[in-house]
Each structure stands twice: as structure tokens, then as C-alpha cells.
Amino acid sequence: MNYKIILIDFAYSDESGSKLRPALTLTKPSNKYGDLIVAAITSNTKRKHQSGDVKIERGDIDFAKTGLKESSVIRLGKLVTTHVSKVKNELGVLPKKYHFDIQ
1 MNYKIILIDF
11 AYSDESGSKL
21 RPALTLTKPS
31 NKYGDLIVAA
41 ITSNTKRKHQ
51 SGDVKIERGD
61 IDFAKTGLKE
71 SSVIRLGKLV
81 TTHVSKVKNE
91 LGVLPKKYHF
101 DIQ
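Going by full-length UniProt numbering, the residue at position 48 of the sequence shown is 48; the numbering climbs one at a time, nothing skipped.
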């Protein structure tokens, strides 16, 4: 799987609004509906580590491939099904060294 890091219009869980934020694609878009499953990415690396969090350090040799601006945490506990129309941009890809942590 080629895990892509994308920028999407991410809805708040209380549905009060949305915010453009990075996310990691976990599936390819479905042929029938165009839906895909993504994991939220946050730059808040100071918050308490949750089960399933994967930290990506800016100092890593392959960090530039991600397209992210700063160290970030992939939140595998915060998954969302979204439509491809919500994807605003493709930022980069997740370096292979993190793939095992995602599976």
C-alpha cells in the first residue's frame, strides 16, 4: 500500500464545522462511491500518547517525503470515512520505515 498524506476538509466530531488538515490514506477510493478511509494527523506532539499513535519526526532522513511542515502524530484511533471530493491536495507519502507501525 502506498500511504499518501493528503490535505482534507476534516469535519469536527461534533459536526460544528471543519478544518483543513493533513490525513493519511488507509484505503484507496472505492470504485462505487468514491469513499476512502483516512487517519487524522496532528502537529500537536506534546499531547498524551494514545494507543495507535505513530510519531513522525522532522529530523528523520525521509521526513521531506511526507510534505508535512513539522513533526506530527498519525492518530490511528481517529479514523474517518470521507469522500474524495474532500481531498484538497496531496502533500506526500509516508516513508516505508513507518509502514509496519500502520498495519
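Quick reminder that beta carbons are idealized off the backbone N, C-alpha and C, glycines included.
Just so it is clear, the structure is predicted and the values come from calculations on it, not from any experiment.
Cβ neighbour criterion (16 or more within 10 Å) applied to residue i
{"i": "A23", "result": "buried"}
{"i": "T66", "result": "buried"}
Among the options, the one whose alpha carbon lies nearest that of residue i
{"i": "D101", "options": "I41, H49, D53", "result": "D53"}
{"i": "P95", "options": "Q103, K88, D62", "result": "D62"}
{"i": "T25", "options": "I6, H99, R47, K32", "result": "I6"}
{"i": "K88", "options": "A11, E15, L20", "result": "L20"}
Beta-carbon spacing of residue i, residue j below 7 Å
{"i": "S43", "j": "S13", "result": "no"}
{"i": "H83", "j": "G17", "result": "no"}
{"i": "I8", "j": "K69", "result": "no"}
Residues near residue i in its chain [Cβ-Cβ closer than 8 Å; skip 5 each side]
{"i": "R75", "result": "A39, A40, I41, T42, Q50, G52, D53"}
Neighbourhood of residue i by C-beta, 6 Å cutoff - its chain only, sequence neighbours within 5 removed
{"i": "K55", "result": "V73"}
{"i": "V80", "result": "V38"}
{"i": "K97", "result": "none"}
{"i": "F45", "result": "Reading off the sequence, residue 45 comes out as Thr, not Phe. The answer, listed in chain order, is S71, V73."}
Whole-Å CB distance - residue i paired with residue j, under 8 Å assumed
{"i": "K4", "j": "E57", "result": "About 19 Å separates the two Cβ atoms, so there is no contact after all."}
{"i": "N2", "j": "V93", "result": "6 Å"}
Own chain partners of residue i with C-beta closer than 7 Å, once the 5 adjacent residues on each side are dropped
{"i": "T27", "result": "L36, I37"}
{"i": "K78", "result": "A39, A40"}
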